[in-house]
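For the sequence shown, the residue numbers in the working numbering are 90 to 254. Ideal placement from N, C-alpha and C gives every residue a C-beta, glycine not left out. Here the structure is a predicted model, which is why all the values come from computation and not from measurement.
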Amino acid sequence: MTVSEDDLLSAEDERLEELFRVSMPGDIPDGPMEGTAIIGAGTALTRPIAALIRLGVWRGKVFDRDAGYLSNRLSALDVLAVLATVAPGPSLLDGEECIVIDYSRTSLVVGGVRDEIRQVGPDLYLGVTWLFGTKVCWFSLRAPQADGGPGEEQRKKTRGRSRST
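Structure, rendered in structure tokens:
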């Protein structure tokens, strides 16, 4: 069965945990990844919360696989901030290998945060966020669509004008 981002947004917490446990780490992503927060898994609030967070707070991550770091994409302005190290390691959930995103050595503000991801589909990762060792939420990361998705043509035109002026 192929898992989609929509499936992750619809799943209850127990299903997300089960999916994470049976998934392999996959390769560490390289480049930008679109993120979706999954808070209140399995409730009617999951999608509205995800939309609000994406609109104003967190939009994803940009990985530099070779350097072993990432930056988070924040706000509607897509500001790169909150650096973390990225490397394979054991999951706090089940002790099995995952991709660990560790903020403890790179951020005073979010030093107690640890993200873990595993690949659940082609170009799709399921992540779990820990705060001082306590699971606080889930998230997904997916590679940007090749066509850029809705509105990409307009964004290209706008970027083209801003470069030439």
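Alpha-carbon spacing of residue i relative to residue j, whole angstroms
i           : j           : result
residue 101 : residue 130 : 5 Å
residue 254 : residue 107 : With a pLDDT of only 35 at residue 254, under the threshold of 50, the placement of this residue in the model should not be trusted; the figure read from the coordinates follows. Distance between the alpha carbons of residue 254 and residue 107: 52 Å.
residue 191 : residue 133 : 31 Å
residue 161 : residue 195 : 12 Å
residue 199 : residue 170 : 11 Å
residue 224 : residue 155 : 28 Å
residue 127 : residue 184 : 22 Å
residue 151 : residue 221 : 23 Å
residue 141 : residue 216 : 19 Å
residue 118 : residue 99  : 24 Å
residue 111 : residue 163 : 30 Å
residue 230 : residue 157 : 17 Å
Own chain, CB closer than 6 Å to residue i, minus 5 neighbours either side, in chain order
i           : result
residue 219 : 181, 203
residue 166 : none
residue 186 : 114, 177
residue 153 : none
residue 226 : 128, 218
Where the alpha helix (DSSP H) through residue i begins and ends
i           : result
residue 162 : Looking at the DSSP string, residue 162 is not in any alpha helix (DSSP H); the run it does join, the beta strand (DSSP E), is 158-163.
residue 186 : Counting along the chain, residue 186 falls outside any alpha helix (DSSP H), though it belongs to the beta strand (DSSP E) covering 186-191.
Cβ-based neighbour list, residue i, same chain, cut-off 7 Å, excluding 5 preceding and 5 following
i           : result
residue 232 : 122, 212
residue 250 : Bear in mind that a pLDDT of 36 at residue 250, under 50, signals an unreliable position, so the model cannot answer this.
Counted within 10 angstroms of its Cβ, other Cβ atoms place residue i as buried (16 or more) or exposed
i           : result
residue 234 : exposed
residue 145 : exposed
residue 91  : exposed
residue 209 : buried
residue 228 : buried
residue 120 : exposed
Residue i - DSSP class collapsed to helix/strand/coil
i           : result
residue 148 : strand
residue 137 : helix
residue 117 : coil
residue 215 : strand
residue 111 : helix
residue 103 : helix
residue 240 : Bear in mind that the predicted position of residue 240 carries a pLDDT of just 37, short of 50, making it too unreliable to give a figure here.
residue 127 : strand
residue 155 : coil
residue 220 : strand
For residue i, the first and last residue of its enclosing beta strand (DSSP E)
i           : result
residue 229 : 223-231
residue 204 : 202-210
residue 166 : Looking at the DSSP string, residue 166 is not in any beta strand (DSSP E), and its letter there is neither H nor E.
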